[in-house]
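Heads up, the thing below is written out as structure tokens.
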Amino acid sequence: MTKTDGGFHVTWRAKGNLRYCVRTTTVLATTALVAGGYLAMSGTAANAEAGLSNEARKGGKLIAAGESTNEARKEGKLAAPGESINSGGKGSRLSQGAAAPQGDGGDSDAQYVEQYSEAKTADQTSDPGIGTSSNKSGKEDLFRPGPQYDGNYNADKNVDVYGAKKAVEPSRPLIEAGREQYTAGDYNQESSLLGQNNLLIPGLAIYGDWRTAIAYNQNNGKDIAQIATRVNIDVDFKITGTERIHAFFTPLQDNNQFTRFEFGGGDGNKDFNEEFDLNPQTLFFEGDVGSIYSGLSGSAAGFDLPFTVGLFPLFLQNGIWANDAILGGAVSLTAKNSQKLGLSNYDITFFTAVDNVDNAIVNGGDFANRNNNVSNLYGVTTFIDAFGGYIEAGYGLIQGVDDQVDGQLTNFVTASYTRRYANTLSNSTRFFANFGNGDEDEGFAIISENSLISGLPSTLLPYANFFVGSGNPQPLVDGNGAGILKNVGINFETDALTGFPKLNDTGSNAYGGAVGLQYLFNLDQQLVFELATVQPFGETIAGIGTADPQYGFGVRYQIPLNNDWLFRADATYQIVDNPEVEDNFGLRAEFRRKF
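Take the sequence shown: its letter number 566 is residue 566 in the numbering used here, and every next letter is one higher.
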């Protein structure tokens, strides 16, 4: 027997007959095993908790001497008598405070066990009731600690994220025939009339909305209380996955005059005013040359070339630069990229029109007769992802062909850049300009749209939009006769129904802006407060700009009543800084039914 650091090492040398040595060795080993088991069981009886594994204590049961736990069996070995198996440990060791077998070297053995436990459990929990555990690798620095749940943790709510959902039934079209939109399931085999690569999937859908509002407005010296209504009807006929024919109707209005009953106010006619127009406001075919070629040729096309022809809507720069239906055609080069220019994604669209070109410069603001072929339109626009943001730019040329504007050429250019800065501010800066050889056809405007990213970025949206304009800046086309400032704020837009008042939206020789706060609650309601102003400078262009400063305060609230009905209310008061001019105000409530 020799003494070692923290214990003893015993060496026994056998001499003489080998059979005697084996017998003697067997007797001694058996005696030692029995004595060790007795002493271990005595230690367990003296301190039962010290002989428990962490898992056994949690389960409220003892591990008998010589019994192995599941974790020990996974490691392919049994626990020694009296030894504690920790649920996470690869190897086995005695728990801190367990009784060591007593013998000739008992004190040394106890010291060895204590040193071993302290060395292995230095980084474990200090709570004596928890006991000692190790991770499966035996290296505590390879794994992060487990999740810590506070007292408000609710397991049921975490499960509800996956299991407590229910289907939301959207408002379906008034009429659906053939392949329905946004549905799932097995579909019937479709016709290959246009080729196996461009199958027919015909489907007809008629949908839209019905708007009815009651309002009391004092606008530009007219005081009218009325109930007005309009119906928007979309007719969509799908032919294939990329080809369709679409039409849009507004039967209860004639241009910007709506069916209404003026029941009050100093200027109300106390009469029912019916306005009807069954002509389509849009009627166009759109498709993709690549898909049509794939179907007819039987081989996959290596390109996409979407196009449209007919009376189609043109909507650019969020409707500021273009918001009208024009009679002509358009073709797009989509999803392009340029390694040389460092552009990951860009689109280019070319468009032209030979009729229904609504521009205040060319037709003098007269939108009553749109099918008069006053001018032609040629243009190009592009959308580019670059410089950490989004670029939109365009050029348009309006050519006068009517006798009064024959030979007139007016150029329109626009550019904008949108991005987020420092995860704090979202900004869109837009530039518009027009110039040519017509009367009062030169001007420009710069609009800066800003929203702060609040602590509730999806629902609480403070915003501040500013503008400055010079000359006579105009949209390229706008079927509603709106000005270049229509999107600056709610005080610059009307309701396209009751003649709701608005601030001067031309941007002609003026600067100003709108500051507001939009709150969306739980994404199920909208509430907006806004202050806005228009400050003129320089010489006023007669019939276009404003000579007096204007100030407006507006409020808007809307909420969906269900999946089909929506309620909206608006109020505005607009001050004109001129004692000889009456202030404008409006109060309205609207119900909208989707179908």
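By construction, the Cβ of each residue, glycine as well, lies at the ideal position given by its N, Cα and C atoms.
When V161, N158 and A205 are compared against R179, the one with the closest alpha-carbon: Your numbering for residue 179 matches position 179 in the sequence shown. The candidate whose alpha carbon is nearest that of R179 is A205.
Quick one: residues in its chain with C-beta nearer than 6 Å to the C-beta of Q526, no 5 flanking neighbours on either side, listed in chain order? The residue you call residue 526 lines up with position 526 of the sequence shown. Counting only Cβ-Cβ distances below 6 Å, and skipping sequence neighbours, we find L520 and Q558.
Are the CB atoms of P306 and D288 nearer to each other than 8 Å? What you label residue 306 is simply residue 306 of the sequence shown in a count that begins at 1. What you label residue 288 is simply residue 288 of the sequence shown in a count that begins at 1. Going by C-beta atoms, P306 is nearer than 8 Å to D288.
Measuring CB to CB, does V659 end up less than 8 Å from S375? The displayed coordinates of the chain run from 1 to 595. Any statement about residue 659 would go beyond what the structure contains.
Assuming V355 is part of the beta strand (DSSP E), what are its boundary residues? Walking along the sequence shown from the start, residue 355 turns up at place 355. The question names Val, but residue 355 is Asp in the sequence shown. That run of the beta strand (DSSP E) goes L343 to D355.
I'd like to know if the region 337-352 and the region 316-329 are in contact, where contact means that at least 3 CB-CB pairs between them fall below 8 Å. yes
I'd like to know if the region 282-296 and the region 233-248 are in contact, where contact means that at least 3 CB-CB pairs between them fall below 8 Å. yes
If contacts are defined as beta-carbon pairs under 8 Å, then S426 and R420 qualify, I think. What distance do you get, rounded to the angstrom? For the purposes of this step, residue 426 is taken as residue 426 along the sequence shown, with counting starting at 1. For the purposes of this step, residue 420 is taken as residue 420 along the sequence shown, with counting starting at 1. Yes, S426 and R420 are in contact; Cβ-Cβ is about 5 Å, under 8 Å.
May I ask which residues mark the beginning and end of the alpha helix (DSSP H) holding G290? Residue 290 sits at position 290 when you count from the first residue of the sequence shown. G290 -> alpha helix (DSSP H) spans V289 to S297.
Using the C-alpha atoms, what's the distance from A225 back to S338? Position 338 of the sequence shown holds residue 338. Position 225 of the sequence shown holds residue 225. Straight-line Cα distance between these residues: approximately 57 Å.
Do L503 and G552 have their C-beta atoms within less than 8 Å of each other? As a first step, residue 503 is located in the sequence shown; it is residue number 503 there, counting from the start. As a first step, residue 552 is located in the sequence shown; it is residue number 552 there, counting from the start. Closer than 8 Å, so yes.
Which of helix, strand or coil DSSP assigns to F537: Residue numbering aside, residue 537 sits at position 537 when the sequence shown is read from its first letter. Coil at F537, not helix or strand.
Element boundaries [alpha helix (DSSP H), containing D156]: Numbered from its first residue, the sequence shown carries residue 156 at position 156. Note, D156: alpha helix (DSSP H), A155 to G163.
In its own chain, which residues sit with a C-beta less than 6 Å from the C-beta of L296, not counting the 5 before and 5 after it? Looking up residue 296 in the sequence shown gives position 296. Here the set comprises G195.
Report back the beta-carbon spacing between G465 and G443 to the nearest angstrom; my notes put them in contact at under 8 Å. For this step, residue 465 is matched to residue 465 along the sequence shown. For this step, residue 443 is matched to residue 443 along the sequence shown. The amino acid occupying residue 465 in the given sequence is Asn; Gly does not appear at that position. With 8 Å as the limit, N465 and G443 do not qualify as a contact, their Cβ atoms being about 19 Å apart.
Identify whether F492 lies in helix, strand or coil by the three-state DSSP scheme. To locate residue 492, count along the sequence shown from 1; it is residue 492. Helix, per DSSP.
With burial defined as no fewer than 16 other Cβ atoms inside 10 Å of the residue's Cβ, what is the status of R211: buried or exposed? Translated into the one-based positions of the sequence shown, residue 211 becomes position 211. The residue is buried, with at least 16 neighbouring Cβ atoms inside 10 Å.
Taking the C-alpha atoms as reference points, what is the distance between D385 and I391? Counting from 1 along the sequence shown, the entry for residue 385 is found at position 385. Counting from 1 along the sequence shown, the entry for residue 391 is found at position 391. So the two alpha carbons sit approximately 6 Å from each other.
When you compare only the Cα positions, how much space is there between N256 and N480? As a first step, residue 256 must be located in the sequence shown, where it is residue number 256. As a first step, residue 480 must be located in the sequence shown, where it is residue number 480. Rounded to the nearest angstrom, the two C-alpha atoms are 7 Å apart.
With a threshold of 7 Å on Cβ separation, who are the neighbours of Q535 within its own chain once the five nearest residues in sequence on each side are excluded? Residue mapping note: residue 535 aligns to position 535 of the sequence shown, counting from 1. So the qualifying residues of the chain are A510, Y511, G512 and P549.
Note down, in chain order, each residue of its chain lying with its Cβ closer than 6 Å to the Cβ of Y463, except the 5 sequence neighbours on either side. Translated into the one-based positions of the sequence shown, residue 463 becomes position 463. So the qualifying residues of the chain are S451 and G516.
Measure the Cβ-Cβ separation of V468 and V405 and say whether it is below 8 Å. If you number the sequence shown from 1, residue 468 lands on position 468. If you number the sequence shown from 1, residue 405 lands on position 405. No; because the gap between Cβ atoms is not below 8 Å, this pair is not in contact.
In this structure, what does DSSP give as the bridge partners for P560? Position 560 of the sequence shown, counting from 1, holds the residue named residue 560. Paired residue(s): L566.
Counting Cβ pairs, one atom from each stretch, are 3 or more of them under 8 Å apart for the region 537-544 and the region 557-573? no
Please name the residue, chosen from D570, G545, T546 and E493, that lies closest to V528 on a Cα-to-Cα basis. Position 528 of the sequence shown, counting from 1, holds the residue named residue 528. V528 has its Cα closest to that of D570, out of D570, G545, T546 and E493.
Of the residues F500, K486 and A433, which one's Cα is nearest the Cα of S470? Counting from one through the sequence shown, the residue named residue 470 turns up at place 470. When only C-alpha atoms are compared, the closest one is A433.
With a cut-off of 8 Å on the beta carbons, I'd call L587 and A228 a contact; round off their distance for me. The count along the sequence shown starts at 1 and reaches residue 587 at position 587. The count along the sequence shown starts at 1 and reaches residue 228 at position 228. Wrong, their Cβ atoms sit about 14 Å apart, outside the cutoff.
Counting only the same chain and skipping the five closest in sequence on each side, list residues whose C-beta sits under 6 Å from that of G265. For the purposes of this step, residue 265 is taken as the residue at position 265 of the sequence shown. Excluding sequence neighbours, G265 sits near D223, I224 and A225.
Can you list, in chain order, the residues of its chain with a C-beta nearer than 6 Å to that of L142? Leave out the 5 residues immediately preceding and following it. The sequence position of residue 142 within the sequence shown is 142, counting from 1. Closer than 6 Å at the Cβ level, and outside the excluded window around L142, lies no residue.
With A225 as the anchor, note down where its beta strand (DSSP E) starts and where it stops. Here the question's residue 225 lines up with position 225 in the sequence shown. Taken as a continuous stretch (DSSP letters only), the beta strand (DSSP E) holding A225 covers K222 to T240.
Alpha helix (DSSP H) segment containing A360, residue limits: Counting from 1 along the sequence shown, the entry for residue 360 is found at position 360. Looking at the DSSP string, the run of the alpha helix (DSSP H) that includes A360 is A360 to N363.
Buried/exposed call for D439, threshold 16 Cβ in 10 Å: In the sequence shown, the residue the question calls residue 439 occupies position 439. It is exposed - the Cβ of D439 has fewer than 16 other Cβ atoms within 10 Å.
Where does the unbroken beta strand (DSSP E) through Q218 begin, and where does it stop? Indexing the sequence shown from 1 puts residue 218 at position 218. Unbroken beta strand (DSSP E) run through Q218: L200 to N219.
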